Structures are given as structure tokens and as C-alpha cells.
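Visitor: Residue numbers (numbering that gives the first Met the number 0), protein chains in the order written: chain D, 0 to 298; chain B, 0 to 278. Where is the CB? At the ideal position from N, CA and C, for every residue including glycine. Because the structure is a prediction, the values reported are computed rather than measured. This is the structure I want to talk about, given as C-alpha cells.
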Amino acid sequence: MTTPRTEKQATAATAPSTGRPRPGGRPPGQQRKRKKGGSNTPAARAVSALWFLTPLALLVVVWLVVVAITDPPLRVFPQVGDVLSALGDMWSSGELFDHLGASLRRMGIGAAIAILTALPFGIALGSSAALSAFFSPLLRFSVALAGIAWIPVATLWFGYGDKAVIFIVWNAMFFAITYNAMLGVRQIPTQLLRAARSMGTSRLRMFWEVLLPGALPSVVTGLRVGLGYGWRGLVAAEIIASNAGLGYALFQAQKYFQTDVIIASMVIIGVLWLLMDRLMLAPLEKRTVERWGMTGGRG
Amino acid sequence: MTALEITGLQKNYVDSYSGEEVTAIGDVSFSVNEGEFVSVLGPSGCGKTTVLNIVAGFVNLTEGEVVVDGQAVSGPGPDRGVVFQSHALFPWKTVLGNVVFGLRMKGVPRAERDAKGKEFLELVGLGGFEHKYPHELSGGMQQRLGVARVLANEPAVMLMDEPFASIDAQTRRKLQEDLTRIFEKRHPTVFFVTHDVDEAVFLSDRIVVLSKRPSRVREIVTVDLPRPREWRTALEMPEFREIANRVNELLVDDEGAAAGADKDPGGATDADGTAVAGV
Chain D
0 MTTPRTEKQA
10 TAATAPSTGR
20 PRPGGRPPGQ
30 QRKRKKGGSN
40 TPAARAVSAL
50 WFLTPLALLV
60 VVWLVVVAIT
70 DPPLRVFPQV
80 GDVLSALGDM
90 WSSGELFDHL
100 GASLRRMGIG
110 AAIAILTALP
120 FGIALGSSAA
130 LSAFFSPLLR
140 FSVALAGIAW
150 IPVATLWFGY
160 GDKAVIFIVW
170 NAMFFAITYN
180 AMLGVRQIPT
190 QLLRAARSMG
200 TSRLRMFWEV
210 LLPGALPSVV
220 TGLRVGLGYG
230 WRGLVAAEII
240 ASNAGLGYAL
250 FQAQKYFQTD
260 VIIASMVIIG
270 VLWLLMDRLM
280 LAPLEKRTVE
290 RWGMTGGRG
Chain B
0 MTALEITGLQ
10 KNYVDSYSGE
20 EVTAIGDVSF
30 SVNEGEFVSV
40 LGPSGCGKTT
50 VLNIVAGFVN
60 LTEGEVVVDG
70 QAVSGPGPDR
80 GVVFQSHALF
90 PWKTVLGNVV
100 FGLRMKGVPR
110 AERDAKGKEF
120 LELVGLGGFE
130 HKYPHELSGG
140 MQQRLGVARV
150 LANEPAVMLM
160 DEPFASIDAQ
170 TRRKLQEDLT
180 RIFEKRHPTV
190 FFVTHDVDEA
200 VFLSDRIVVL
210 SKRPSRVREI
220 VTVDLPRPRE
230 WRTALEMPEF
240 REIANRVNEL
250 LVDDEGAAAG
260 ADKDPGGATD
270 ADGTAVAGV
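Laid out in C-alpha cells, this is it:
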């Protein structure tokens with residue numbers, strides 16, 4: 000893929016799973032081989048999970064050691080154990096699930112609306128030079144402002160609550176997905192579009208049949224970047240415009256100097272993002288882009 | 000009966016760098032009969048691919064007319080199937096999904112189109128590969144799939160744009176024999192663009208030799224070699240060499256004037272710059 004990637008995509012972390020060499024020739028039929036040494040055996044999965052977790056475990060070790068040596072006051076930085084017990088407290092009081100539920104629901108709704116609006120828009124921009132010429136300056140202008148810069152306006156429009164937060168999530172994701180979908184369509188080889196047109200594909204059907212699948216490598220990148228932006232927007236918006244959610248928990252804890260709760264909330268946010276990437280985006284990529292041999296800039 | 004009729008075709012375009020108007024195709028007229036195999040051959044950069052793109056409806060013509068099955072061409076359509084040099088298979092569709100694509104667009108019911116798709120996969124020797132994806136096939140197999148995808152659609156004319164140019168020499172010989180066998184069996188109407196003289200002679204009933212830019216029809220050479228044809232015997236026929244030499248002379252005569260015209264034939268001729276909107 001030639002589209003720019005951001006540091007937020009955690010590509011380095013997922014590289015061992017997505018970058019593994021594919022088994023050369025799969026037999027006809029799409030049944031997964033689970034017996035022999037393919038990429039889907041439990042053993043291979045365990046190895047890839049291990050590679051994935053090692054750097055994170057290392058981080059925890061560094062954290063343990065540094066805090067043990069420097070021994071900062073709890074208000075400045077908590078020890079690993081403090082954070083774990085804060086997590087335990089949040090779990091047993093049910094607070095964790097209230098915040099988690101609120102955040103995930105807003106994220107889900109915002110992301111769904113963003114995907115439903117940005118994909119068609121981005122694909123339309125990619126397939127029409129006139130449309131993209133018209134909207135390009137607006138898109139570029141909006142990228143700088145996307146997400147949290149809209150919080151003040153969002154709270155004025157929607158008040159303090161779910162709607163404002165969902166709006167921010169949508170807004171944060173919209174431009175990344177639009178932009179990458181547009182790039183993806185532009186990267187579809189002309190001959191492929193011509194082949195489809197010469198087989199009688201109507202302009203409407205082009206969307207599902209050619210433009211969307213053809214743009215998918217870039218669309219997946221857009222989803223990655225977009226979801227990352229969405230998470231940041233969510234947390235920021237919850238701090239300001241809400242009375243539940245992980246961002247809110249973070250902010251409340253700061254008021255009472257509960258550094259352990261702050262760090263615990265940050266850990267939850269990070270872990271959620273990793274899970275989302277690994278359980279949703281990576282499988283999506285595997286079943287489509289990789290299965291179709293569309294990785295590595297192949298036409 | 001005439002399947003494809005090209006009359007007084009002219010193509011001008013504005014060079015995007017110099018801003019000058021260039022005449023790519025001066026005046027080209029010829030026709031292809033139903034069930035006939037006609038190759039278009041010409042010196043590098045003479046615009047033979049542009050002629051094909053105009054017939055396919057990918058590029059607008061400046062003057063003249065292209066009629067397929069009694070209908071003037073305006074834009075791409077399923078009556079003209081195209082086999083591309085780059086294969087242009089859909090990577091996200093299985094082999095079967097690629098073959099039945101056109102039938103699906105036509106609204107042919109699933110059972111019927113799958114049966115037909117399999118029939119044409121057998122024809123090109125891809126039986127048993129239905130559920131593979133294109134990237135799992137070799138270049139030669141990919142191009143056979145490209146041919147099957149067009150034939151399954153049963154177009155009035157099959158347009159082939161240097162389909163074997165990107166394939167290694169040995170596989171190419173094999174593919175040319177396969178194509179001849181398919182042609183002799185099914186007799187589709189074929190419009191074949193190439194820069195390979197032997198290939199044109201081996202495959203064609205007639206060869207349209209174009210001049211250099213602005214291209215005109217220099218001569219139409221009839222190839223009356225017996226069918227079925229295969230390379231081993233064809234190369235031994237004196238008639239084969241005679242025709243090939245004749246065509247070569249026509250090309251060399253012309254090339255002499257255009258010294259240094261050493262551009263990539265596919266790329267140069269495709270630089271028409273004026274694709275039909277949205278294609």
C-alpha cells in the first residue's frame with residue numbers, strides 16, 4: 000500500500016501477524032486448513048499472539064522496575080499493582096462496565112454512521128475528477144479541524160451528552176475514511192474499470208462490484224486511521240461533554256488525584272483499541288485483501 | 000456478414016505537455032466479418048491500440064464511424080468483449096466469479112451462468128480451478144481466464160489488445176495455439192492487436208497493416224493458410240514465411256522513415272490521453 004500511514008495504526012505491533020508469508024498454493028475451495036502448518040493453526044496463532052504481547056509485557060516490566068527504583072509518590076505515578084487494584088475496584092463496583100458500555104456504544108454508533116457516510120462519499124470522490132476537484136480544498140481544510148476542535152460547536156448544537164460525543168466520533172473518523180476511500184478508488188487500474196464497463200456493468204453496480212472491493216486495501220487503512228482518530232475524539236469529547244464513559248472516568252479521577260485510576264483508564268482505552276484492531280480489522284484484512292492477493296501494490 | 004465496420008476513422012488529441020493537437024489516426028477503414036480473425040499490425044506507436052480502444056468505446060473518435068452488429072458504437076458495451084494485456088481480472092473474485100461476471104451483469108440466473116462459466120473454463124483448460132483466485136494462477140492461466148471471461152459473454156466481437164505481450168515466449172506459443180484451437184472450434188469474431196508479425200500470421204484470416212502516425216491502412220494481407228494450425232507445421236510452410244516476409248517488408252518500409260521511433264509499442268499507442276469520462 001502506498002497510502003501514508005500514521006504512528007497510531009500500530010502497524011509495527013501487528014506486523015508479525017499480517018506480514019507472515021502466505022502458504023503458496025491453497026487447494027481449490029476456501030475451507031481453512033487447520034491441520035498442517037498453515038497460518039491458522041493454533042500453534043501458529045499462539046506464536047503470533049506471543050510476538051504481539053512481548054513488547055507490551057516488556058513495557059510493564061520497565062514500568063515495574065522504574066517505579067520501584069525511583070519510588071515516586073502515588074499521586075505522580077502509580078506502581079503496576081496500584082493500577083491493577085484500581086482496575087479491580089472499578090470491576091467490582093460495576094463502574095468499569097458503566098463507563099465501558101457508554102464509551103463502546105457511542106463509539107459503535109459514531110463509527111457506523113461514519114462508515115456509512117464516508118465510504119460512499121469517498122468512493123464518489125475517487126470516481127469523479129470533477130467531484131474531487133470541488134471537494135478537495137474543503138477536505139484538506141477540514142482535516143486540520145477534524146475531531147476535537149468541533150467539541151465546542153458540538154456541545155452548542157447537541158448539548159452535553161451522547162449526541163455531542165457521537166458527533167465528535169463521526170467527525171473524527173469521517174475525513175480519514177473519505178480520504179482513503181478516494182485514494183483507493185484512484186488506485187484501481189484503469190483496465191479493471193474498463194473491463195467491468197465493457198461487460199455491461201451499470202454505473203450504479205460499479206460501486207459494489209468494482210469500486211468498493213478495488214479500493215478495499217486503502218479503505219482498510221482508512222478504517223484503521225479513522226478508528227484511531229475516533230477513539231481520541233471519543234475520549235476528549237467524554238471529558239468535556241459527558242457524565243459517563245472512559246474519558247469521563249479519566250477526568251473525574253484527575254479531580255481527586257487518583258493517578259491509579261487515570262492510568263487504569265488509559266490502559267483500558269489502549270487495550271480496547273488493540274483488541275478492536277486485532278479482532279476486527281486484521282481478520283477483515285486477512286479475509287479480503289490478503290486472500291485476494293491485493294497486498295504489496297499488486298494491480 | 001460484417002460484424003465490425005470501421006469507416007474513415009480519425010483521432011486527434013491534444014498533447015498534454017506541449018498543448019499541440021496531434022493526429023494519432025489519420026484515416027482508417029476496414030471491416031471484420033462474422034467468425035473472422037483479423038489482426039491489426041503496425042509500427043511502434045502507430046495507434047493500433049487506440050483503434051481498439053475506440054472500437055471498445057473507451058476512447059471517443061474524432062471523425063468517422065464504428066459500427067458493431069449494425070449499431071454505431073458510443074461507449075463500452077457487452078457486445079464488445081475486451082481481453083487486456085494486463086489481464087484485468089478482478090482479484091476479489093474467484094476464477095468462476097470472473098468468468099460469470101458479464102452474465103451476472105446481464106441478469107442470467109445463477110445455475111445457468113455457473114454452468115456456462117464452467118463450460119468456458121473447460122474450453123480454455125481451466126476446469127478444476129473454479130474456486131482459486133486470480134493471483135494464484137500463472138500469467139498464462141490468467142490470460143486464458145481473460146479469454147474465457149469474454150467468450151462466456153458471447154460478444155459480437157472479441158477485442159484483444161496485445162494479450163500475450165507480457166507473457167514469456169514459450170508460454171506465448173502455447174497460448175497462441177490454444178487461442179487458434181478455440182477459434183477453430185467456436186469461430187468467434189476476433190479483432191486482435193499485436194506488434195508480433197509471426198503471431199499475426201499464425202492466428203489471423205486477414206492482417207490489417209497500419210502505417211506510422213498519422214496512421215492509415217497500408218495494406219490488408221489475406222492469410223490463406225490451412226486450418227487447423229499449429230506452430231510446428233506452420234513454421235515449415237513456405238507460405239507462412241512468404242506472408243510473414245511480405246508483412247515485415249510493409250512494416251520496415253514504413254519504419255525507415257520514422258527513425259528512432261523506438262518507444263514501447265503498448266505504452267506509446269495507449270497515450271491517447273482522452274479516455275471517455277469515467278472509464
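If we define contact as Cβ-Cβ less than 8 Å, is Thr200 of chain D a contact residue for chain B?
Guide: Within the first sequence, numbered from 1, the residue matching residue 200 of chain D stands at position 201. Closer than 8 Å to some Cβ of chain B, the Cβ of Thr200 of chain D qualifies, so yes.
Visitor: Is it true that the segment 78-95 of chain B meets the segment 128-139 of chain B, where meeting means three or more beta-carbon pairs spaced less than 8 Å apart?
Guide: They touch, by the three-pair rule.
Visitor: Who are the Cβ neighbours of Leu49 of chain D in its own chain at under 6 Å, not counting the five residues just before and after it?
Guide: Working through the first sequence from its first residue, we reach residue 49 of chain D at position 50. Contacts found: none.
Visitor: Does the distance from the CB of Gly229 of chain D to the CB of Met106 of chain D come in under 8 Å?
Guide: Translated into the one-based positions of the first sequence, residue 229 of chain D becomes position 230. Translated into the one-based positions of the first sequence, residue 106 of chain D becomes position 107. Cβ atoms of Gly229 of chain D and Met106 of chain D: closer than 8 Å.
Visitor: Count the other CB atoms within 10 Å of the CB of Val99 of chain B; is the residue buried (16 or more) or exposed (fewer)?
Guide: Counting from one through the second sequence, the residue named residue 99 of chain B turns up at place 100. It is buried - the Cβ of Val99 of chain B has at least 16 other Cβ atoms within 10 Å.
Visitor: Could you work out which residues of chain B lie near Thr287 of chain D, taking near to mean beta carbons separated by less than 8 Å?
Guide: One-based indexing of the first sequence puts residue 287 of chain D at position 288. Ordered by position in chain B, the residues that pass the 8 Å Cβ test against Thr287 of chain D are Trp91.
Visitor: What are the complete alpha helix (DSSP H) segments, minimum 4 residues, inside the segment 144-189 of chain D?
Guide: Segments of the alpha helix (DSSP H) lying fully in the segment 144-189 of chain D: 150-157 and 161-185.
Visitor: Exposed or buried, His186 of chain B, counting other C-beta atoms within 10 Å across all chains shown (16 or more means buried)?
Guide: Reading the second sequence from its first residue, position 187 is the one you call residue 186 of chain B. It is exposed - the Cβ of His186 of chain B has fewer than 16 other Cβ atoms within 10 Å.
Visitor: Distance check for Ser47 of chain D and Arg33 of chain D, CA to CA, integer angstroms please.
Guide: Along the first sequence, read from residue 1 onward, the residue named residue 33 of chain D stands at position 34. Along the first sequence, read from residue 1 onward, the residue named residue 47 of chain D stands at position 48. Because the pLDDT of Arg33 of chain D is 39, which lies under 50, any placement of that residue in the model is unreliable, and the question is left without a value.
Visitor: For Leu118 of chain D, I'd like the list of residues in its chain whose CB is within less than 6 Å of its CB, leaving aside the five on either flank, ordered along the chain.
Guide: Within the first sequence, residue 118 of chain D is the residue found at index 119, counting from 1. These residues qualify, in order along the chain: Ala180.
Visitor: Between Asp281 of chain B and Arg143 of chain B, which are expected to be in contact by the criterion C-beta below 8 Å, what is the C-beta distance as a whole number of angstroms?
Guide: Lying outside 0 to 278, the shown extent of chain B, residue 281 of chain B is not represented and no answer is given.
Visitor: Could you tell me the boundaries of the alpha helix (DSSP H) in which Val218 of chain D lies?
Guide: Taking the first residue of the first sequence as 1, we reach residue 218 of chain D at position 219. Val218 of chain D -> alpha helix (DSSP H) spans Leu211 to Ala240.
Visitor: Taking the CB atoms as reference points, tell me whether Gly80 of chain B and Ser197 of chain D lie closer together than 8 Å.
Guide: Position 81 of the second sequence, counting from 1, holds the residue named residue 80 of chain B. Position 198 of the first sequence, counting from 1, holds the residue named residue 197 of chain D. Contact flag set, yes.
Visitor: Between B:Gly76, B:Leu51, B:Ser210 and B:Ser38, which lies nearest to Arg202 of chain D when the distance is taken from Cα to Cα?
Guide: One-based indexing of the first sequence puts residue 202 of chain D at position 203. Comparing Cα positions, the closest option is B:Gly76.
Visitor: State the DSSP-derived secondary structure class of Val46 of chain D, mapped to helix, strand or coil.
Guide: Within the first sequence, numbered from 1, the residue matching residue 46 of chain D stands at position 47. Val46 of chain D: helix per DSSP, three-state reduction.
Visitor: Considering only their Cβ atoms, is the gap separating Leu120 of chain B from Val94 of chain B smaller than 8 Å?
Guide: As a first step, residue 94 of chain B must be located in the second sequence, where it is residue number 95. As a first step, residue 120 of chain B must be located in the second sequence, where it is residue number 121. Taking 8 Å as the Cβ cut-off, Val94 of chain B and Leu120 of chain B qualify as a contacting pair.
Visitor: Counting only C-beta atoms, is Leu191 of chain D closer than 8 Å to chain B at any point?
Guide: One-based indexing of the first sequence puts residue 191 of chain D at position 192. Cβ-Cβ to chain B under 8 Å: yes for Leu191 of chain D.
Visitor: Looking only at C-alpha atoms, which of B:Thr193, B:Asn97 and B:Glu153 sits nearest to Phe128 of chain B?
Guide: Indexing the second sequence from 1 puts residue 128 of chain B at position 129. Of the listed residues, the one whose Cα sits closest to Phe128 of chain B is B:Asn97.
Visitor: Could you check which residue in B:Ser38, B:Val31 and B:Gly25 has the C-alpha nearest to that of Pro162 of chain B?
Guide: In the second sequence, the residue the question calls residue 162 of chain B occupies position 163. Closest option to Pro162 of chain B, Cα to Cα, is B:Ser38.
Visitor: Please check if any C-beta of chain D sits within less than 8 Å of the C-beta of Met104 of chain B.
Guide: Numbered from its first residue, the second sequence carries residue 104 of chain B at position 105. So yes, Met104 of chain B belongs to the interface.
Visitor: Where Ile33 of chain B and Glu62 of chain B are concerned, what is the direct C-alpha to C-alpha distance, given to the nearest angstrom?
Guide: Indexing the second sequence from 1 puts residue 33 of chain B at position 34. Indexing the second sequence from 1 puts residue 62 of chain B at position 63. Ile is not the amino acid found at residue 33 of chain B; the sequence shown has Glu there. In a straight line, the C-alpha of Glu33 of chain B is about 25 Å away from that of Glu62 of chain B.
Visitor: Tell me where the beta strand (DSSP E) around Asn11 of chain B begins and ends.
Guide: Here residue 11 of chain B refers to the residue found at position 12 of the second sequence. Per DSSP, Asn11 of chain B belongs to the beta strand (DSSP E) from Thr1 to Val13.
Visitor: Using the Cα positions of Gly139 of chain B and Leu158 of chain B, report the straight-line distance between them to the nearest angstrom.
Guide: Reading the second sequence from its first residue, position 140 is the one you call residue 139 of chain B. Reading the second sequence from its first residue, position 159 is the one you call residue 158 of chain B. Approximately 18 Å, taken between the alpha carbons.
Visitor: If we cut at 8 Å on Cβ distances, does Met293 of chain D have a partner in chain C?
Guide: Going by chain labels, chain C is absent from the structure shown, which instead holds the protein chains D and B.
Visitor: If distances are taken between C-alpha atoms only, which option among D:Leu274, D:Leu245, D:Trp272 and D:Leu271 comes closest to Val260 of chain D?
Guide: Sequence index remark: in the first sequence, residue 260 of chain D carries index 261 (1-based). Of the candidates D:Leu274, D:Leu245, D:Trp272 and D:Leu271, the one whose C-alpha sits nearest the C-alpha of Val260 of chain D is D:Leu245.
Visitor: Going along the chain, which residues of the segment 129-140 of chain B sit with their C-beta nearer than 9 Å to a C-beta in chain D?
Guide: Those residues of the segment 129-140 of chain B that come within reach of chain D (Cβ to Cβ, closer than 9 Å) are Glu129, His130, Lys131, Tyr132, Pro133, His134 and Glu135.
Visitor: So if DSSP puts Val220 of chain B in a beta bridge, which residue, or which two residues, is it bridged to?
Guide: Here residue 220 of chain B refers to the residue found at position 221 of the second sequence. Answer is B:Ile206, bridged to Val220 of chain B.
Visitor: Looking at chain D, is there any beta carbon in it that lies within less than 8 Å of the beta carbon of Ala2 of chain B?
Guide: Here residue 2 of chain B corresponds to residue number 3 of the second sequence, with the count starting at 1. With 8 Å as the cut-off, Ala2 of chain B does not count as an interface residue toward chain D.
Visitor: I believe Arg212 of chain B touches Cys45 of chain B by the beta-carbon criterion, under 8 Å. Please report the beta-carbon distance rounded to the nearest angstrom.
Guide: For the purposes of this step, residue 212 of chain B is identified with residue 213 of the second sequence, where counting begins at 1. For the purposes of this step, residue 45 of chain B is identified with residue 46 of the second sequence, where counting begins at 1. Yes, they are in contact, since the Cβ atoms of Arg212 of chain B and Cys45 of chain B sit about 6 Å apart, within 8 Å.
Visitor: Quick check: what's the CA-CA separation for Ser85 of chain B versus Val58 of chain B?
Guide: Translated into the one-based positions of the second sequence, residue 85 of chain B becomes position 86. Translated into the one-based positions of the second sequence, residue 58 of chain B becomes position 59. Whole-angstrom Cα-Cα distance: 18 Å.
Visitor: Any idea if Phe133 of chain D is buried or exposed, counting beta-carbon neighbours within 10 angstroms, 16 or more meaning buried?
Guide: The sequence position of residue 133 of chain D within the first sequence is 134, counting from 1. Classification of Phe133 of chain D: exposed, given that the 10 Å Cβ count is below 16.
Visitor: Going by DSSP, name the residue or residues bridged to Ser214 of chain B.
Guide: Translated into the one-based positions of the second sequence, residue 214 of chain B becomes position 215. BP columns for Ser214 of chain B point to B:Ile24.
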